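**Q**
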Amino acid sequence: MTETVANAPKAKSETADFVQFLVKLAIFFFILRSFIISPFNIPSESMQPRLVVGDYLLVSKWSYGYSRYSLPFNLPLIPGRILAGQPERGDVVVFKAPPTASADYIKRVIGLPGDTIEMRDGTVWLNGKPVQKQRVADFRIPVSPNTRCYDRSFEVPLSDGTAVCSYPRFRETLPNGKSYYVLDLIDAPRDTTEPIIVPQGHMFLMGDNRDNSLDSRFPAVEGQGIGIVPQDHLVGRALVTVFSTDGSASWFLPWTWITAARWDRIGEGF
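Heads up: the sequence shown at position 128 corresponds to 127 in numbering that gives the first Met the number 0, and the numbers run straight through without jumps.
#1: Taking contact to mean 3 or more Cβ pairs, one atom from each stretch, closer than 8 Å, check whether the stretch 193-203 and the stretch 214-231 are in contact.
#2: Consult DSSP for residue 131 and reduce its assignment to one of helix, strand or coil.
#3: Mind checking residue 39: buried by the 16 CB within 10 Å criterion, or exposed?
#4: Around the Cβ of residue 15, are there at least 16 other Cβ atoms within 10 angstroms (buried) or fewer (exposed)?
#5: So, residue 232 versus residue 104, is the Cβ gap smaller than 7 Å?
#6: Quick check on residue 109: buried or exposed, where buried means 16 or more other Cβ atoms within 10 Å of its Cβ?
#7: Does the distance from the CB of residue 168 to the CB of residue 138 come in under 7 Å?
#8: Decide yes or no for the touch test of the stretch 43-60 against the stretch 199-211: beta carbon pairs closer than 8 Å, at least 3 of them.
#9: For residue 267 and residue 12, I'd like the C-alpha separation in whole angstroms.
#10: Just list the residues that DSSP pairs residue 235 with in beta bridges.
#11: Should the stretch 157-172 be called in touch with the stretch 125-144, which here means at least 3 C-beta pairs below 8 Å?
#12: Consult DSSP for residue 282 and reduce its assignment to one of helix, strand or coil.
#13: Span of the beta strand (DSSP E) holding residue 124?
#14: Does the beta-carbon of residue 204 have 16 or more other beta-carbons within 10 angstroms, so that it is buried, or is it exposed?
#15: How about residue 147: is its Cβ closer than 6 Å to a heavy atom in the ligand COA?
#16: Since residue 106 sits in a beta bridge, which residues does DSSP pair it with?
As structure tokens, then:
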């Protein structure tokens with residue numbers, strides 16, 4: 000009995016120290032993810048060819064300032080937006096998607112306040128001038144658990160029995176010199192739009208996979224488009240791809256974690 004009583008304070012102290020450690024760890028990760036850097040994974044094909052399903056990237060939280068949308072669960076701890084910075088055309092940004100601001104989306108900034116944006120036969124027109132668009136080699140990505148072709152007509156069989164999705168690819172160059180690749184798959188209704196003037200404090204965002212992206216060309220309706228996005232909804236700027244998987248790995252087969260990795264995509268910056 001005496002020995003048990005003597006050990007009780009020590010056990011209580013160890014428990015308190017462990018709880019204190021967990022609280023400090025939680026605070027550290029809250030600050031890290033809210034104000035410094037945060038992970039993000041790609042769930043859709045809307046940003047192909049730059050981003051594909053199975054990519055994991057890091058997002059800087061300091062690039063555009065902080066608001067409630069910078070915090071986990073949109074906690075209303077920050078009034079308005081502090082240390083605000085405006086993105087540049089061509090930036091790849093993560094943001095809370097209108098109209099509900101409940102989900103994280105990722106798109107490319109095309110238009111800033113005062114810009115006039117329209118589409119003409121699949122070409123972006125910015126302030127009355129066409130954005131340079133040059134045809135380059137097709138984008139090819141192997142069919143895998145994480146990748147299905149937009150349509151069977153884009154699936155190409157290889158000599159080894161595997162298949163790839165082969166898409167028409169273009170290099171687009173904005174007036175500020177920012178250059179990136181886009182896909183133009185089909186003649187789609189939103190290949191031509193009416194001119195839109197971006198209001199103050201907003202952004203016109205587009206997916207690089209132009210025919211498979213519900214972006215600012217579509218009204219802000221849940222699951223149907225995002226409209227013109229307020230800059231207050233910004234979460235951060237894409238920095239670098241830190242991992243990518245084709246989805247074929249099994250948790251119970253550790254060696255498949257290596258074979259499923261897309262090593263050539265890791266380390267790509269924006």
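Built from N, CA and C at the ideal position, the CB exists for glycine as well. Being a predicted model, the structure only gives us computed values, none of them experimental.
**A** On the basis of the supplied data:
#1: Taking a cut-off of 8 Å on C-beta distances, the stretch 193-203 touches the stretch 214-231, as three or more cross pairs fall below it.
#2: Here DSSP, grouped into helix, strand and coil, assigns residue 131 to strand.
#3: Around the C-beta of residue 39, 16 or more other C-beta atoms lie within 10 Å, and the residue is accordingly described as buried.
#4: The residue is exposed, with fewer than 16 neighbouring Cβ atoms inside 10 Å.
#5: The Cβ-Cβ distance between residue 232 and residue 104 does not fall below 7 Å.
#6: With 16 or more Cβ atoms within 10 Å of its Cβ, residue 109 is classed as buried.
#7: Yes, Cβ-Cβ distance for residue 168 and residue 138 is below 7 Å.
#8: Because the criterion of three Cβ pairs below 8 Å is met, the stretch 43-60 and the stretch 199-211 touch.
#9: Rounded to whole angstroms, the separation of the alpha carbons of residue 12 and residue 267 is 47 Å.
#10: Looking at the DSSP output, residue 235 sits in a beta bridge with 93.
#11: Under the Cβ criterion (8 Å, minimum of three pairs), the stretch 157-172 counts as touching the stretch 125-144.
#12: Lying outside 0 to 269, the shown extent of the chain, residue 282 is not represented and no answer is given.
#13: For residue 124, the enclosing beta strand (DSSP E) covers residues 122-125.
#14: Around the beta-carbon of residue 204, 16 or more other beta-carbon atoms lie within 10 Å, marking it buried.
#15: Among the components of this structure there are no ligands whatsoever, and the ligand COA is therefore not found.
#16: Its beta-bridge partners are 92.
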